[in-house]
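Before any comments, here is the structure.
Numbering (the numbering used here), first residue to last: 185 to 391.
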């Protein structure tokens, strides 16, 4: 139902956006004193609102399904004696996801430091546990393609998360920047580090 609503709202919005895009791209407003722009506005905004609501519902449904798949995969890996390295890496990714969800804020004032610190501590523990397992099983780790890149990206996220927690703890204000994703202590930097971790995780090959 959520996907059907999403598709219907998208199909409704698309031609309106195309029409408006052509109107403004061609600067037709200079010929009609914005008459068509004013006429399109209410319908366009209503269609955007409908799409945003449908998108949120669709995203929530997909997220719920994905979380269930991830949980069942973790249980399968945990029960498999030959998949313990993969299991620990999967735990790192799962804890990273919980961490970045808390970091998805518009400003530091909105960050729940207590909840974020607990998630950061959990992520740190799973990261350290995966590192210890690698060190204790070098032959197994050596068979995994791109494992070192995954470890580096996991370390980067830990560093970024700690910087954000310190910024919140110390009452720092986010300085205006056009590239917040590049600055430690910015929520956007945590998101960037997480995305890079997921990309590295997708590149892992346990052969």
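Using N, Cα and C, we set each Cβ at its ideal position, and we do this for glycine too.
Proximity test, Cβ basis, 8 Å: residue i and chain D
i, result
"residue 312", "No chain D is present in this structure, which holds just one protein chain."
Distance between residue j and residue i (C-alpha atoms, nearest Å)
i, j, result
"residue 332", "residue 388", "10 Å"
"residue 340", "residue 279", "14 Å"
"residue 192", "residue 295", "35 Å"
"residue 252", "residue 187", "18 Å"
"residue 245", "residue 260", "23 Å"
"residue 194", "residue 239", "9 Å"
"residue 284", "residue 347", "13 Å"
"residue 222", "residue 212", "12 Å"
"residue 272", "residue 370", "28 Å"
"residue 232", "residue 268", "46 Å"
"residue 322", "residue 204", "59 Å"
"residue 289", "residue 215", "42 Å"
"residue 314", "residue 202", "49 Å"
"residue 311", "residue 337", "11 Å"
"residue 353", "residue 364", "19 Å"
"residue 293", "residue 327", "44 Å"
"residue 383", "residue 277", "11 Å"
"residue 241", "residue 220", "32 Å"
"residue 330", "residue 319", "16 Å"
"residue 190", "residue 265", "42 Å"
"residue 262", "residue 390", "15 Å"
"residue 306", "residue 316", "15 Å"
Host alpha helix (DSSP H) of residue i (start-end)
i, result
"residue 371", "371-386"
"residue 211", "Neither: residue 211 is in no alpha helix (DSSP H) and is coded neither H nor E."
"residue 309", "297-320"
Sheet register partners of residue i (DSSP bridge)
i, result
"residue 389", "329"
Reference residue i, options the options, closest by Cα
i, options, result
"residue 368", "299, 308 and 351", "351"
"residue 385", "343, 281 and 312", "281"
"residue 392", "308, 338 and 200", "Beyond the ends of the chain as shown, which are 185 and 391, falls residue 392; an answer cannot be given."
"residue 308", "335, 264 and 291", "335"
"residue 255", "274, 264, 383 and 243", "274"
"residue 343", "375, 357 and 355", "375"
"residue 381", "357, 345 and 362", "345"
"residue 379", "391, 324, 390 and 287", "287"
"residue 198", "248, 291 and 227", "227"
"residue 206", "196, 189 and 224", "224"
"residue 298", "349, 373, 257 and 357", "349"
Cβ-heavy atom distance, residue i to the ligand GDP, below 7 Å
i, result
"residue 185", "As far as ligands go, the structure on display features none, and thus does not contain the ligand GDP."
Q: Only counting runs of 4 or more residues, tell me where the alpha helix (DSSP H) segments fall wholly within the segment 213-286, in order along the chain.
A: 213-216 and 219-263
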